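2 protein chains.
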Amino acid sequence: MPASSTDPTDAGAPPGDGLTGQIAAGGVADPDDPTDPDLPDNRAGGTDVLAGQGAPASGRGGLDRHRIVSAAVAYIDEQGLPALTMRKLGAALGVEAMALYRYVPSREDLLDGVVEIVVDELFADPDVYIAPRHGWEDYLQRLAHGVRRIALAHPAVFPLVATRPPAAPWVRPPLRSLRWVESFLSALTTHGFTHEQAVLAYRAYSSFLLGHLLLEVAQRGVAINAIDDPDGAADVSAGELAPYPLVVELEPLLTQDESVTEFEESLESLLARLGELQAPGSNRSRRRPPSTP
Amino acid sequence: MPASSTDPTDAGAPPGDGLTGQIAAGGVADPDDPTDPDLPDNRAGGTDVLAGQGAPASGRGGLDRHRIVSAAVAYIDEQGLPALTMRKLGAALGVEAMALYRYVPSREDLLDGVVEIVVDELFADPDVYIAPRHGWEDYLQRLAHGVRRIALAHPAVFPLVATRPPAAPWVRPPLRSLRWVESFLSALTTHGFTHEQAVLAYRAYSSFLLGHLLLEVAQRGVAINAIDDPDGAADVSAGELAPYPLVVELEPLLTQDESVTEFEESLESLLARLGELQAPGSNRSRRRPPSTP
DNA sequence: CCCAGATTGTTTACCTCGTATAGCTGAGGG
DNA sequence: CCCTCAGCTATACGAGGTAAACAATCTGGG
């Protein structure tokens, strides 16, 4: 385990006891846009790797690494990262903390597993193709939305995905697996990109996803935190806003949640840029919008 | 410029190790590019907020919040985030841990302070203007490089900047202060952007910076960790790479560090996009939102 | 100069956490 | 029926955050 790695474990909400019921009231923006196709609630198919936990106390039936890691994901989703301790996770599985160590060498390793299992949900996503079927743009579109779906499904896990040090420097978050890197590079190089261009695209694409999704998740995180943290953790008070008239004036716009549209437009812009990179001067023609069946 | 006294690329990998394989060899990438103007080593002016203590030997002389938070930043820079504990920080200041609590209510609050003080280095940067002097593009350019300088100066702190929940949902990392949000919005709205466009630009700009810099810092973090973590934390072994021929083939390209150029080009591209957004003189204006099912 | 009160740092102590180690328990094989 | 051993529990230790009581130092009014 890396001794001096960045650890966002302690960033986030203090452990709250009550379960978070619903969205905060009074917000101008409704973060749960019912038209956002990447939001978990608006999605039909149950491609959830972490299914079936049943009764918490009677979770018996044989522990194994996958069950433990899945439970950890579920726990983080519900209680937040800082609340995940070995003892609590053990309890959630109806077992003492030390029982986990038979399958998981350490908490750090457990978190690695959490990241891995969450990112691997991409493989189970029927709308994401491991190899392009309708051109590289469609491929990148689907991949991007797949990652976004993951981020929105596990907002409390995504910061981990973003900040955990990757196995190799060039395995960049959020596409943290060699298989996807290979898939990405293969998709582009077989569609007219040179090696250099493919690598460049890989980098641009990674940072685009990372920045956008981290911000989107953070935004939702704040909304969530505001609920189970009745302490009122240093929210911006009205008085402090006095010296910032523009912020005040534009607050309705700033608060507005245009995540889907924004993501979509930025993504298209990025793809356009990559397209130009590939074929400089030529007019780009074929473009396939993402069909979400 | 004695930029690279040590080469972190292969510092932790003795030859024939077998663990790190051929990845680290070659030294294609030099993360300490002596031509990168944003790297701390290549910068002259001492705009370091944490530099202002005359007698470092005797850490005494009155504790106060700023001194504590500054020490925390220095400590994280040197030892990494997980190593920062109240006791160790106290010791670094020549004081018991509990003494800190007279000035800092909690560790969480201390970390908030760390983020704040680091981000506030922007104010002390003579190359960043709080208000545009040579047009909005120059303003954004300078601001971006200012933030990048901060990220590179405090790579271990930046993940904190990225992931700590902001005070309000619309105070987005990495520009985490109301003053800069105001500055940004003001700069754009006074240069031909409508309110909507300014807010949109603010969002795009934030995620661009966040994604790029987080990735860049992570990359360096990996290299750094490889040094002080002789544990050899699960680097990608050569054998695992077998099923990924393209990754192997493109490894030299993937390993290459083109941070400056890459940042610069992506930034220019973003500015170009914002420019088009502002003056829809050229084609390509509104794109329809994703089809609602 | 003396001393009450405020400042500022220290000591002690409690609780939680990660995790090492040893103990228990029940199923299957001899 | 006992041995073995996988799978879990019990116990324990050190580190960490932090509350509360305590001590040392400084302050200004008599």
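Protein chains in written order, with the numbering used here: chain A, 24 to 316; chain B, 24 to 316.
We put the CB at the ideal spot given by N, CA and C, even for glycine.
Predicted model only: the values in this text are computed from it and were never measured.
A:Ser129 has a beta carbon lying at 8 Å or more from every beta carbon in chain B. The continuous alpha helix (DSSP H) containing B:Val137 extends over residues Arg130 to Val142. The three-state secondary structure of B:Ile153, taken from DSSP, is coil. For the C-beta of B:Arg195, the chain A residues within less than 7 Å are, from N- to C-terminus, Leu238.
Straight through space, the alpha carbons of A:Leu104 and B:Leu294 are spaced by roughly 36 Å.
Taking every protein chain shown into account, the CB of B:Thr212 has 16 or more other CB atoms within 10 angstroms, so this residue is buried. Using beta-carbon distances, A:Glu139 does not count as an interface residue toward chain B, since no partner is under 8 Å.
As for any alpha helix (DSSP H) of minimum length 4 sitting wholly inside the stretch 165-191 of chain A, the runs are 181-186, ordered along the chain. Taking 9 Å as the cut-off between beta carbons, the residues of the stretch 212-242 of chain B near chain A are Thr212, His218, Glu219, Ala221, Val222, Leu223, Tyr225, Arg226, Ala227, Ser229, Ser230, Phe231, Leu232, Leu233, Gly234, His235, Leu236, Leu237, Leu238, Glu239, Val240, Ala241 and Gln242, in sequence order. Listed along the chain, the chain B residues whose CB falls inside 7 Å of the CB of A:Pro182 are Thr186. Here B:His235 is buried, its C-beta having at least 16 other C-beta atoms within 10 Å. Here DSSP, grouped into helix, strand and coil, assigns A:Phe146 to helix. Excluding its 5 nearest sequence neighbours in each direction, B:Val138 has C-beta neighbours in its own chain below 6 Å: Leu183, Val184 and Arg187, listed in chain order. In the DSSP annotation of this structure, the continuous segment of the alpha helix (DSSP H) that includes B:Pro275 starts and ends at Glu274 to Thr278. Contacts with chain B at 8 Å (Cβ-Cβ) do not include A:Thr108. Boundaries of the alpha helix (DSSP H) harbouring A:Gly298: Ser282 to Gln301, taken from the DSSP string. Closest option to A:Gly298, judged by alpha-carbon separation, among A:Arg165, A:Gly158, A:Val142 and A:Gly85: A:Gly158. One Cα belongs to A:Ile173, the other to A:Val204, and the distance between them is close to 17 Å.
Of the residues B:Ala122, B:Val170 and B:Asp161, the one whose Cα lies closest to the Cα of B:Leu145 is B:Val170. In terms of CA proximity to B:Asp132, B:Pro189 leads the group B:Val151, B:Pro189 and B:Leu163. Using a Cβ-Cβ cut-off of 8 Å, B:Tyr267 counts as an interface residue toward chain A, since at least one Cβ of chain A sits closer than that to its own. Among the residues of the stretch 285-298 of chain B, those with a Cβ less than 8 Å away from any Cβ of chain A are Glu285, Ser289, Ser292 and Arg296, in the order of the chain. Distances from the CA of A:Glu274 to each of A:Glu285, A:Leu166, A:Ala261 and A:Thr284 were compared; the closest alpha carbon is that of A:Ala261. Around the beta-carbon of A:His168, 16 or more other beta-carbon atoms lie within 10 Å, marking it buried. For B:Leu166, the nearest beta carbon of chain A is not closer than 8 Å to its own beta carbon. A:Ser93 and A:Asp135 have their alpha carbons spaced roughly 12 Å apart. Straight-line measurement puts the Cα of A:Leu166 at about 10 Å from the Cα of A:Asp148. Residue-level contact check: B:Glu205 touches chain A, since one or more beta carbons of chain A fall below 8 Å from its beta carbon.
The straight-line gap separating the alpha-carbon atoms of A:His177 and A:Leu233 is approximately 14 Å. Close CB contacts of B:Leu208 within its chain, under the 7 Å cut and outside five residues either way in sequence, are with Ala221 and Tyr225 (chain order). Below the 8 Å Cβ cutoff, chain A contributes Pro192 and Trp193 as neighbours of B:Thr278, in chain order. The residue from B:Ser200, B:Arg156 and B:Leu112 with its alpha-carbon nearest to that of B:Ile99 is B:Leu112. When Cβ-Cβ separations below 8 Å define contact, B:Val270 makes contact with chain A.
Gln102, Gly103, Leu104, Pro105 and Ala106: these are the residues of the stretch 91-117 of chain B whose beta carbon lies less than 7 Å from some beta carbon of chain A, given in chain order. In the three-state reduction of the DSSP assignment, B:Tyr267 falls in the coil class, being assigned neither a helical nor a strand state. Going by beta carbons, B:Ser200 and B:Ile153 fall outside the 8 Å limit.
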